[in-house]
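Written out below as structure tokens is the structure these notes cover.
Protein chains: 2
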Amino acid sequence: MPKVGMRDTRRQQLITATMESIAELGMQNTTIVSISRRAGLSSGIIGHYFGGKQGLIEAALRYLLEQLGKELKERIARTDGSPEQRLKCIVEANFSDFQQTEMAAKTWLSFWARSMHEPGLQRLQQINNARLYSNLRYAFAARLPPEAATAAARQTASMIDGFWLRSALSKDPAEGFAEAQTLCKRFALSTLNSGSH
Amino acid sequence: MPKVGMRDTRRQQLITATMESIAELGMQNTTIVSISRRAGLSSGIIGHYFGGKQGLIEAALRYLLEQLGKELKERIARTDGSPEQRLKCIVEANFSDFQQTEMAAKTWLSFWARSMHEPGLQRLQQINNARLYSNLRYAFAARLPPEAATAAARQTASMIDGFWLRSALSKDPAEGFAEAQTLCKRFALSTLNSGSH
DNA sequence: TTTTATTAATTGAACGTTCAATTAAAAAAT
DNA sequence: ATTTTTTAATTGAACGTTCAATTAATAAAA
Chain B
68 MPKVGMRDTR
78 RQQLITATME
88 SIAELGMQNT
98 TIVSISRRAG
108 LSSGIIGHYF
118 GGKQGLIEAA
128 LRYLLEQLGK
138 ELKERIARTD
148 GSPEQRLKCI
158 VEANFSDFQQ
168 TEMAAKTWLS
178 FWARSMHEPG
188 LQRLQQINNA
198 RLYSNLRYAF
208 AARLPPEAAT
218 AAARQTASMI
228 DGFWLRSALS
238 KDPAEGFAEA
248 QTLCKRFALS
258 TLNSGSH
Chain Y
68 MPKVGMRDTR
78 RQQLITATME
88 SIAELGMQNT
98 TIVSISRRAG
108 LSSGIIGHYF
118 GGKQGLIEAA
128 LRYLLEQLGK
138 ELKERIARTD
148 GSPEQRLKCI
158 VEANFSDFQQ
168 TEMAAKTWLS
178 FWARSMHEPG
188 LQRLQQINNA
198 RLYSNLRYAF
208 AARLPPEAAT
218 AAARQTASMI
228 DGFWLRSALS
238 KDPAEGFAEA
248 QTLCKRFALS
258 TLNSGSH
């Protein structure tokens, strides 16, 4: 039946189908059948390419993390290194078009909940949390004293995650995301310059 | 007639056991057996008192919401009505001892994720989100112009949820919760008085 | 070139497990 | 005696995994 060299194509097909299924049916109702049907493949293929359902789930989270990292890297590369620009980039990467899709947003939240009880996901999750904090802290530290930079980074990270959470849960995510971005930037930038009074 | 007053006892037993099971095993691995065993009862009793597993899950979320509402009400009653006091109360209620228990924190997050795909939970969730926002907005509006009050309320609500989320997911929730409370108060109070320059 | 062998990709059915719900019987209280 | 409460066994559906069989593509041999 198949052609050779299908590996990467199929893996991506299945990862996308996984996120679609989680977004549509929830983690609870996502099965290897609901995934493989969406990918237009058979259920057995999941075992073949990912070892099993669990392996596919982890691969999907890793994919989301990669996208987020990539978006940030691209944005940072296109600016000078000023703290203002860095903060803007961090916020924008976290609210990028891809992250705003219902697919990505709902998948993230599902992963978060599940990561509490699955070490494999938990590890990935904590790396991501630490990365956001650390990027923010670096930007703030350029203008603020250490202690203030730490506090500002924690507050900003939480505000981003919180807005993101509330938007994902709201009836009209698109609207929520748009204002979230504005208000996160406003807070981050005004905090950055709060020393100059 | 039968043993009187068993109803409320058993219901509370089962609700607590549900949260314990969700905290320990996750929503994914919580079954009517894992719940009833923790409650020291048989699995059939869940159908008797809650109609089924789903009914019990919803009752548990309603219980968490009630606790949160009660904590806020008690705190507000014990203060003057100044905006500062109100903000302090709101933050403290959201980080109360009960909310900080691993049981409550993990259960909340599980509910959040699940509420995306279950209308019954989604409704309760949105009521809660709206309540937090509305309480905050009321306090800010006492000092800030309408538009600024709205923005401040959204930012504070998100910061609370975000800190809460990050604490619940972190390795050492207790430590995270403690600082979360401090930083949320600091932001809320300084924003409240940001007009007086 | 044609034929044969090997490898890679894919399917789908069978299997064993797990779960929620149901139910009938027992226990306990009035 | 009657009603409520509780248990424990049963049922049937749903799930993830496994695996033998199939097909297509490639390589090797003739």
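Sequence lines, in order, name chains B and Y.
Going by this note's numbering, the residue at position 177 of the first sequence is 244; the numbering climbs one at a time, nothing skipped.
Going by this note's numbering, the residue at position 153 of the second sequence is 220; the numbering climbs one at a time, nothing skipped.
Idealized CB from N, CA, C, for every residue including glycine.
Just so we're clear, the structure is a prediction, and the values are computed from it rather than from any experiment.
Helix, strand or coil at residue i according to DSSP, with G and I counted as helix
i: Glu141 (chain Y); result: helix
i: Glu185 (chain Y); result: coil
i: Arg204 (chain B); result: helix
i: Pro150 (chain Y); result: helix
i: Met68 (chain Y); result: Because the pLDDT of Met68 (chain Y) is 40, which lies under 50, any placement of that residue in the model is unreliable, and the number read from its coordinates should be weighed accordingly. In the structure shown, Met68 (chain Y) sits in coil (DSSP, three-state: anything other than H, G, I, E or B).
i: Pro212 (chain B); result: coil
i: Met94 (chain Y); result: coil
i: Lys238 (chain Y); result: coil
i: Leu108 (chain Y); result: coil
i: Met73 (chain B); result: coil
i: Leu250 (chain B); result: helix
i: Gln79 (chain B); result: helix
i: Phe162 (chain Y); result: coil
i: Thr168 (chain Y); result: coil
i: Gly118 (chain Y); result: coil
i: Ser177 (chain Y); result: helix
i: Asn195 (chain B); result: helix
i: His225 (chain Y); result: It should be pointed out that residue 225 (chain Y) corresponds to Ser in this sequence rather than to His. Residue state, collapsed to three classes: helix.
i: Ser103 (chain Y); result: helix
i: Ser257 (chain Y); result: helix
i: Ala84 (chain B); result: helix
Proximity test, Cβ basis, 8 Å: residue i and chain Y
i: Asp228 (chain B); result: yes
i: Arg210 (chain B); result: no
i: Gln324 (chain B); result: Within the shown structure, residues of chain B are numbered from 68 to 264, placing residue 324 (chain B) beyond reach of any answer.
i: Gln166 (chain B); result: no
i: His115 (chain B); result: no
i: Arg181 (chain B); result: yes
i: Ser201 (chain B); result: no
i: Ser225 (chain B); result: yes
i: Leu188 (chain B); result: no
i: Arg204 (chain B); result: no
i: Ala84 (chain B); result: no
i: Ala218 (chain B); result: yes
i: Leu139 (chain B); result: no
i: Leu135 (chain B); result: no
i: Leu108 (chain B); result: no
i: Leu154 (chain B); result: no
i: Leu132 (chain B); result: no
i: Leu259 (chain B); result: no
Closer than 8 Å to chain B by CB, residue i
i: Ser163 (chain Y); result: no
i: Gly93 (chain Y); result: yes
i: Asn196 (chain Y); result: yes
i: Arg129 (chain Y); result: no
i: Met68 (chain Y); result: For Met68 (chain Y), the predicted structure reports a pLDDT of 40, less than 50, and the residue's modelled location is therefore unreliable. A value from the coordinates is still provided. Judged by the 8 Å Cβ criterion, Met68 (chain Y) is not in contact with chain B.
i: Gln121 (chain Y); result: no
i: Ser177 (chain Y); result: yes
i: Phe207 (chain Y); result: no
i: Asp173 (chain Y); result: Just to set this straight, residue 173 (chain Y) is Lys in the shown sequence, not Asp. Yes - at least one Cβ of chain B is within 8 Å of the one on Lys173 (chain Y).
i: Phe254 (chain Y); result: yes
i: Leu191 (chain Y); result: no
i: Arg233 (chain Y); result: yes
i: Leu236 (chain Y); result: yes
Counted within 10 angstroms of its Cβ, other Cβ atoms place residue i as buried (16 or more) or exposed
i: Met73 (chain Y); result: exposed
i: Glu138 (chain Y); result: buried
i: Met68 (chain B); result: Note on Met68 (chain B): pLDDT 41, under 50, position unreliable in the model; the coordinate value appears next. By the neighbour-count rule (16 or more Cβ atoms within 10 Å), Met68 (chain B) is not buried but exposed.
i: Val158 (chain Y); result: buried
i: Asn161 (chain Y); result: buried
i: His184 (chain Y); result: buried
i: Ala172 (chain Y); result: buried
i: Ile174 (chain B); result: Note that residue 174 (chain B) corresponds to Thr in the displayed sequence, not to Ile. By the neighbour-count rule (16 or more Cβ atoms within 10 Å), Thr174 (chain B) is buried.
i: Gly118 (chain B); result: exposed
i: Thr85 (chain Y); result: buried
i: Asp228 (chain Y); result: buried
i: Thr76 (chain Y); result: exposed
i: Pro186 (chain Y); result: exposed
i: Thr97 (chain Y); result: buried
i: Ser257 (chain Y); result: exposed
heavy atom of the ligand GDP below 7 Å from residue i C-beta
i: Leu128 (chain B); result: The ligand GDP is not part of this structure, which contains no ligands at all.
Checklist entry - Would you call the stretch 216-225 of chain Y and the stretch 206-222 of chain B touching, i.e. three or more CB-CB distances under 8 Å? => result With contact defined as three or more Cβ pairs closer than 8 Å, the stretch 216-225 of chain Y and the stretch 206-222 of chain B are not in contact.
Next on the checklist: For the structure I just gave you, are there three or more beta carbon pairs, one from the stretch 198-206 of chain Y and one from the stretch 198-215 of chain B, closer than 8 Å?
Outcome noted: no
Checklist entry - Looking at C-beta atoms only, is the number of pairs between the stretch 103-115 of chain B and the stretch 140-159 of chain B that lie closer than 8 Å three or more? => result no
Checklist entry - Touch check for the stretch 122-130 of chain B and the stretch 80-87 of chain B: three-plus C-beta pairs under 8 Å? => result yes
Checklist entry - Between the stretch 251-258 of chain B and the stretch 227-242 of chain Y, do at least 3 Cβ pairs fall closer than 8 Å? => result no
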